[in-house]
Structures are given as structure tokens and as C-alpha cells.
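Written below as C-alpha cells is the structure these notes are about.
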Amino acid sequence: MNNMSISLSYTYKGVCIYAEYNRGCISTTTYDLIHIGRSLATKLNVTLSVIIIGSNINKTITQDYINIGVDNLYICDNTLLYEFQDNIYSDILLRMIQIICPEILIFSATSRSIPLASIIAAKLYTGMTSNCISLDIDIKTRNLQQFTEDMKTILTPYHRPQIVTLRAKIFNKIRVKCKANRIGKIVKLPIDVNNNIFNKIKAINFTKYKVDNIFKDLSTAEVIVSVGRGVRTYKIFQLIKEFVMIINGKLGASKGIVDLGWVPYSCQIGETGISVNPRLYIACGISGHKQHTIGINSSSTIVAINIDPNCYMMQIANFALQGDLGEIITEFIKQLKKHN
Amino acid sequence: MNKIVICIKHIHNIGINYFDLYALEEGVQLKEQNQDNSKVIVFTMGPRGSESTLRTAISKGADEAYLLTDDKFFKGSDTIATSYILATAIKLLVGQYKIIICGKKTYDSGTEQVGPAIATMLNIPHVSYVREIKSINQRRLTVERVVDDGYETIRSSLPVLLTVTNGVHKPRIASIKSKLLARKANIKIFNAYDLDINTSKIGLYGSPTQVVSLYTKKKKLKKKFSGSARYIVSSFIKQFNNSI
Chain Y
1 MNNMSISLSY TYKGVCIYAE YNRGCISTTT YDLIHIGRSL ATKLNVTLSV IIIGSNINKT
61 ITQDYINIGV DNLYICDNTL LYEFQDNIYS DILLRMIQII CPEILIFSAT SRSIPLASII
121 AAKLYTGMTS NCISLDIDIK TRNLQQFTED MKTILTPYHR PQIVTLRAKI FNKIRVKCKA
181 NRIGKIVKLP IDVNNNIFNK IKAINFTKYK VDNIFKDLST AEVIVSVGRG VRTYKIFQLI
241 KEFVMIINGK LGASKGIVDL GWVPYSCQIG ETGISVNPRL YIACGISGHK QHTIGINSSS
301 TIVAINIDPN CYMMQIANFA LQGDLGEIIT EFIKQLKKHN
Chain S
1 MNKIVICIKH IHNIGINYFD LYALEEGVQL KEQNQDNSKV IVFTMGPRGS ESTLRTAISK
61 GADEAYLLTD DKFFKGSDTI ATSYILATAI KLLVGQYKII ICGKKTYDSG TEQVGPAIAT
121 MLNIPHVSYV REIKSINQRR LTVERVVDDG YETIRSSLPV LLTVTNGVHK PRIASIKSKL
181 LARKANIKIF NAYDLDINTS KIGLYGSPTQ VVSLYTKKKK LKKKFSGSAR YIVSSFIKQF
241 NNSI
């Protein structure tokens, strides 16, 4: 059985990326995926393909992707596909994969793409690793080394394609080399409108999060920006809120800020509030009294921004940024916006 | 009779997986809302010790419990293989069902794959990350789900598979009486042979993915940045992105 799978694996060639497209918008994580996919494809000396499924797919995007290193684009564009619906998209995606036969298939680890990737893995009965934080290739065996957040290295040795979903970088700032008017192939595929899945399932409404959602569900959040007395003015507080929105985080606070009424009590972190365990905790103008730091002990990475280099928070931080809070936040917004 | 199937996972030293409690509660609520003798059936695949988790489920309102356990063939199954075992068992042991509910992810590995994979193997639609069942009748249901950037309302035909997040119904606390009854309840146990399953697709050797090693995290970093705001931010982002 395994021997047969090995010989089968040679018919699968190339790296393929699924670019999430929903309600006329491409996911911002796609550039990240293309960057990583390009380097894997170059190491393996194979082509890089990108699949886009949706409605009214923007033409400038497709040339952009080719310019930054995509060789083949497979597009399925139909007004019936305006809303992302994994049960419907999976049939189209499966057909494309059967045409492309990639050895590696990469999705971004989002709430839309993970279930879609799972359907494909189940239909093809192949390996899939969720929420990878990085990838590498073993040139000899052509196996993809999949590194997960819980510190495992996972391989899919005898099955192809090797499917992964990849976590987005929090500070999305990769610069991709761009070559104007690079040549690439664009393949357009029709859909089967008679497919009865269209009658089975349908998205009927969508409500986008409002700003206030940055105050919700802190206890399970992955990225938390927290403000303390060092914020000084309401204007800087507003800038921090904008920064939180850009990096898709949640906003917490020390007791002083909650007492001012700028942040609801449910977001107070520390002894008299809640404990949090995010992947990344950014403390803005928090000196780090014990009553506060007791609530952040299990955060994996702590970043502190403070004018005082000797305060306790700056001592325990993995990254200590010393300077004026307002200026540093303004600079963050400027640099991160430039990229997106 | 309407059958409501719940798939749960036993986590070593913890018991029932957190999100699976919400899946179970949602299923028991559905049974209680409809007065038409619905039945809640729970499944778990795991070692013999998972039996205690099935008894927890019975004490919280489940009617029937199935334990899929096989030290020789099931052990070491990855998520796709686990989904295959569960889907095979549901097909064989339940037959017709109205709805299948799973937790959105597990706390130990958290792959979020099992729900959609089971639905695919059973050839039914699925909706992930559901927080509320808005309405349900004999033919279809409407649910609200949570996605990265908002809430989405989805209408689906039945049967359907849902994966649920910690939603509107809080899991109940079992009474002493129901706990005692659950101790005596009959747990049905099945192995690979009973299910007539293709063993080359499951277990440590049949699973598509293999865990080859555990790597240790790099030593905790301590880095300090000062200077102009522009320099601080750009050098921080560069070093932060390289640190993981």
C-alpha cells in the first residue's frame, strides 16, 4: 500500500495556494501565502499555482499575483459564488486540484479556509495539518515539514497533496519582490450550476463586527493590546484602538483606565479583573504593578512600550520598546498600513 | 424518531473536551424542545478510559453511548483517520439521523478538522463555528455562526453536521440522581472488527500524517529597543517576525 502511494506521489507536482475570496474581497493573508509558496516552489524547482473562487474577481489582482511570482492562476468566477460557502466551493476546488495535481496545497488558517481545507483532505483522504506556524521542505524526500504551535513537526510521507493551513503573521509586513509584466498562465473554469448543493445550503445574512468587538472575549484572545496610565490623553487612546483593529487584536486595560471609564470592566486585566493567555501581549504605558502582571503570566510573548526603561513591565518583557507611546503607536499604524 | 448524534472527545486527565459540552447541551436542548421522542446518541473514539466521559454525557442528558476503542488498530489515528472511524460507526450504528453536532475544536490538539471531515465522508453539508440554532423543523434549519470578521446566518437542509463554539446555551450541571443512573448505564463498545473497517487507512501506520518530532522553543528572548520611533518600530517588526 505504502509503496504504491510513493510511486503515486511522483504524479503530484507543484505548489498550490488557495486564495480566500469573499464578498468581492481577497483575504489580506494571500500575499503572505504567495511569499512562502514561492520560496517552497523555488526550492523544489516546480511551478506555483493560485486558485481563486468567487464573484467579480478583480483583474488587477491577478496581474499583481503573477508579478510577485505566481506561475499559474486558476479562476472560477460566477455571481452564484458571491458569498464564500465551503460546501459549495469544495466541489469546484476539488475539480481544480484534480487538474493541477499539486504536491503541496496551502490554505490560510482562517475560520473560512480551515473547514474548506478539511473537506478537501477528507475527500482525497490525505494528510492535513492545521494552524502551522512555519513550513520547510526536505529536498531529498520532497516532504513538507509542518511546524505547529504546540511544537510538533508533522510530515505527510505517503499521501499527496500535503495539505496545511498556515497562521497569518501578526505584523504582516513581508516585502515581496515584484517584476513588472511577468508572464503567467490564467485558466478559467466554469461551474456546474445544476449541482444540487446550491439548494441545500445558503448564507442568508452577514453582520460585520463593529469597533466595540475589540472589547469582547478577551479570555480566549490570541493578541491583546493593553493600556495603562501611561497613555495620558484620549487622543493617544483612540490611536491605540486603531492599532488594535489593524492587527486584529483585542483591547484590555489596567485598573486606572477602567476607572476612567474608557474601557469596560470586563476588559480589566489583573488581580481584580480577568486573567488572559494570549500568544502576544502588548502593554502600552503600563508600569507593571504586581496586581496587573498576575493576570498576564501565561502570555507567550510580552511586548512593552514605555517611556521609563526601568519600570517592571520593561524588565519582564521579551521586547521592550522605550520611547514616547503616542509616537510609537503612530509609527506602527503608518508602517502596517503601508503594507496592506 | 429523530436521532441527534453528538461526537465527543475524552482528554486524558481532564475528561470531556470543553467545546463538546456545548455540543452536547445543544443536542439535549433540541431533544427537550421537540416533544417527539428524539434521542441523543453520543460517540467517542479513544482508549477504554474514555468510558468515563461517555457516562458524564449520559448524566447530562444523552440517551445512548457508543465507545469505539481498539488498542491495536485505532491507536495513533490522526484527525482524518479518526473522522473515518467515527463516520463509519455513525453510518453502521445509527443509519438515519437528523443532525450531528461536534465541538468546534479540541483543547489538546485543536485541529478543527474532525467535524467537516465526518460530514464530507457521510456526504452531508456542514456549518462550522455555530453559536446559535435559530430555528429548526423537519426539513431545514437556520443557524448563526461566528467567523473572523463577523456573524453569518446560514440556512441548510437536513441532515446536517454542526460544529459549535461556546454559544448561547450554557452546559448544564448533572444532578446527583442522574450521575448515579449514568454509572449503571449500558455503554456499547465496538472495535475495528465489529465496524468492519478498512484497517490500512487508520492507526499509527495508516494515518496520512505522522508526528516525527517535538521541537523545543528557542530560549526566551529579551530585547530592548530605543531611538527614533521609526527605528524602534521597524527593527522590532523585523526581529519579532524572525523570532517565531
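Chain order of the listed sequences is Y and S. Counting in the working numbering, the first sequence runs from 1 upward without gaps. Counting in the working numbering, the second sequence runs from 1 upward without gaps. Heads up, the beta-carbon is just placed ideally off N, CA and C, and yes, glycines get one too. Source: prediction; values computed, not measured.
Alpha-carbon to alpha-carbon, residue j and residue i
i, j, result
"Ile176 of chain S", "Arg55 of chain S", "13 Å"
"Asn131 of chain Y", "Leu214 of chain S", "16 Å"
"Ile61 of chain Y", "Thr165 of chain Y", "22 Å"
"Gly54 of chain Y", "Asn78 of chain Y", "6 Å"
"Asp63 of chain S", "Ala89 of chain S", "17 Å"
"Ile66 of chain Y", "Leu48 of chain Y", "10 Å"
"Asp32 of chain Y", "Gly249 of chain Y", "19 Å"
"Thr295 of chain Y", "Lys255 of chain Y", "The identity of residue 295 of chain Y in the sequence shown is Gly, whereas the question assumes Thr. Approximately 12 Å, taken between the alpha carbons."
"Ile247 of chain Y", "Leu92 of chain S", "47 Å"
"Met1 of chain Y", "Leu124 of chain Y", "Residue placement at Met1 of chain Y is poorly supported in this model, since its pLDDT is 41, which falls under 50; the coordinates are not used for a value here."
"Asn2 of chain S", "Ile41 of chain S", "11 Å"
"Arg95 of chain Y", "Leu189 of chain Y", "9 Å"
"Gln138 of chain S", "Leu122 of chain S", "19 Å"
"Ala192 of chain S", "Tyr281 of chain Y", "46 Å"
"Ser235 of chain S", "Gly326 of chain Y", "18 Å"
"Arg232 of chain Y", "Ile257 of chain Y", "10 Å"
"Ile183 of chain Y", "Asp64 of chain Y", "11 Å"
"Gly285 of chain Y", "Lys337 of chain Y", "23 Å"
"Asn318 of chain Y", "Lys235 of chain Y", "27 Å"
"Asn72 of chain Y", "Ile14 of chain S", "48 Å"
"Phe364 of chain Y", "Leu135 of chain Y", "Residue 364 of chain Y cannot be examined here, being either before or after the span of chain Y that is shown, 1 to 340."
"Ser7 of chain Y", "Arg160 of chain Y", "Confidence at Ser7 of chain Y is low in this model, with a pLDDT of 48, below 50, so its placement is unreliable and no value can be given for it."
Beta-carbon proximity check, residue i vs residue j, cutoff 7 Å
i, j, result
"Gly37 of chain Y", "Ile106 of chain Y", "yes"
"Ile6 of chain S", "Leu30 of chain S", "no"
"Ile329 of chain Y", "Ile224 of chain Y", "no"
"Ile101 of chain S", "Leu162 of chain S", "yes"
"Ile57 of chain Y", "Tyr74 of chain Y", "no"
"Val263 of chain Y", "Ala253 of chain Y", "yes"
"Leu158 of chain S", "Lys75 of chain S", "no"
"Gln113 of chain S", "Ser118 of chain Y", "yes"
"Lys238 of chain S", "Tyr66 of chain S", "no"
"Arg167 of chain Y", "Ile114 of chain Y", "no"
"Phe84 of chain Y", "Asn143 of chain Y", "no"
"His248 of chain S", "Thr69 of chain S", "Absent from the model: residue 248 of chain S. The displayed extent of chain S is 1 to 244, so no value can be given."
"Leu141 of chain S", "Ile118 of chain S", "no"
"Cys267 of chain Y", "Gly288 of chain Y", "no"
"Leu116 of chain Y", "Asp91 of chain Y", "no"
"Lys147 of chain S", "Val130 of chain S", "First, the residue type needs correcting, since residue 147 of chain S is Val and not Lys in the sequence shown. Not in contact: Val147 of chain S and Val130 of chain S (Cβ atoms no closer than 7 Å)."
"Ala283 of chain Y", "Ser226 of chain Y", "yes"
"Gly323 of chain Y", "Ala229 of chain S", "yes"
"Glu222 of chain Y", "Arg279 of chain Y", "yes"
"Ile197 of chain Y", "Ile97 of chain Y", "no"
Simplified DSSP assignment, three categories, for residue i
i, result
"Glu246 of chain S", "Here chain S has residues from 1 to 244 only, and residue 246 of chain S is not among them."
"Asn87 of chain Y", "helix"
"His35 of chain Y", "helix"
"Ile237 of chain S", "helix"
"His289 of chain Y", "coil"
"Ser7 of chain Y", "Any answer about Ser7 of chain Y is weak, because its pLDDT of 48 lies below 50 and its placement is not dependable; what the coordinates show is given next. Helix."
"Asp71 of chain S", "coil"
"Gly167 of chain S", "coil"
"Gly270 of chain Y", "coil"
"Asn213 of chain Y", "helix"
"Asp194 of chain S", "helix"
"Ala174 of chain S", "coil"
"Ser199 of chain Y", "Here residue 199 of chain Y turns out to be Asn, not Ser, going by the sequence shown. In this structure, Asn199 of chain Y counts as helix in the three-state DSSP scheme."
"Met138 of chain S", "The sequence as given places Gln at residue 138 of chain S; Met does not occur at that position. It is coil, neither helix nor strand."
"Thr359 of chain Y", "With chain Y represented from 1 up to 340, any question about residue 359 of chain Y goes unanswered, as that position is not in the structure."
"Ile202 of chain S", "coil"
"Met1 of chain Y", "Because Met1 of chain Y sits at a pLDDT of 41, beneath the cut-off of 50, its placement in the model cannot be relied upon, and the following sentence gives the value as read from the coordinates. Correct three-state label for Met1 of chain Y: coil."
"Lys39 of chain S", "strand"
"Glu327 of chain Y", "helix"
"Ser50 of chain S", "helix"
"Phe332 of chain Y", "helix"
"Glu20 of chain Y", "coil"
Bridge-paired residues (DSSP) for residue i
i, result
"Lys152 of chain Y", "S:Leu214"
"Leu162 of chain S", "S:Ile101, S:Val127"
"Val223 of chain Y", "Y:Leu280"
"Ile257 of chain Y", "Answer is none; Ile257 of chain Y lacks a bridge partner."
"Thr320 of chain Y", "With the sequence shown as reference, residue 320 of chain Y is identified as Ala, and Thr is not the correct amino acid for it. DSSP output for Ala320 of chain Y lists Y:Ala304, S:Lys224 as bridge partner(s)."
Which residue spans inside the region 42-123 of chain Y form an unbroken alpha helix (DSSP H) run of at least 4? 59-67, 86-100
Any C-beta of chain B within less than 9 Å: which residues of the region 196-208 of chain S qualify? No chain B is present in this structure, whose protein chains are Y and S.
Give the list of continuous beta strand (DSSP E) stretches no shorter than 3 residues that lie fully inside the region 69-104 of chain S. 99-103
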